[in-house]
Every structure is written in structure tokens, then in C-alpha cells.
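**Student:** Each residue of the sequence shown is one higher than the last, beginning at 197 in this note's numbering. A single structure is presented below for examination.
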Amino acid sequence: MNILLVEDEPAVRTGTEQFLRQRGFTVVTATSGEEALKKFTRADVIVLDIMLPGMSGIEVLHQIRQTSDVP
């Protein structure tokens, strides 16, 4: 399963990524909403921070929902 992890805080992103990888998931990371929108097409699940620099997580979710129902 491919997980897109969108988190701007390095410590949170790294810890979550390691946790998921240790459990056998493939993890792609993004640090901004704009980067997430470029990478989400290959994701089965998105773990999305709400408070991101620039485009908020809510804005990212609204854009993703226009074309996908990925959880």
C-alpha cells in the first residue's frame, strides 16, 4: 500500500514515515500542499496535516476530492 504523508514538521514527518515503513508500507512524503498535489496520484491513502505553509491541508483535500476519493 502506498501512503502519501504530507507534513511540514521534520520531526513529525520523519517519525511517522519510519513508523509506517517499519510496518511494510511504501511512503512518499511531501512538505507542502503544492508538493502533495503533484504526488497524490500514486497514493492509496493520504495522511494530511491540516496546518501547512502556503496551501492549507483543507485546501489540498478540496482539490484532491475534485478528482479522487482516496482516503
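Note that the Cβ used here is the ideal one computed from N, Cα and C, for glycine as well.
Once DSSP output is grouped into helix, strand and coil, what is the label at I246?
**Tutor:** Reading the sequence shown from its first residue, position 50 is the one you call residue 246. Coil.
**Student:** Could you check what DSSP says for T222 in three-state terms: helix, strand or coil?
**Tutor:** Position 26 of the sequence shown, counting from 1, holds the residue named residue 222. T222: strand per DSSP, three-state reduction.
**Student:** To the nearest whole angstrom, what separates the beta carbons of V256 and I199, a pair I think is in contact under 8 Å?
**Tutor:** Position 60 of the sequence shown, counted from the start, is the residue given in the question as residue 256. Position 3 of the sequence shown, counted from the start, is the residue given in the question as residue 199. In fact, because the Cβ distance is near 15 Å, the residues do not count as touching under 8 Å.
**Student:** Give the range of the beta strand (DSSP E) segment to which V202 is assigned.
**Tutor:** Here residue 202 refers to the residue found at position 6 of the sequence shown. Segment 198-202, the beta strand (DSSP E) holding V202.
**Student:** Pick from M247, Q218, L233: whose alpha carbon is nearest that of T263?
**Tutor:** Residue numbering aside, residue 263 sits at position 67 when the sequence shown is read from its first letter. Checked all of M247, Q218, L233; the closest Cα to T263 is L233.
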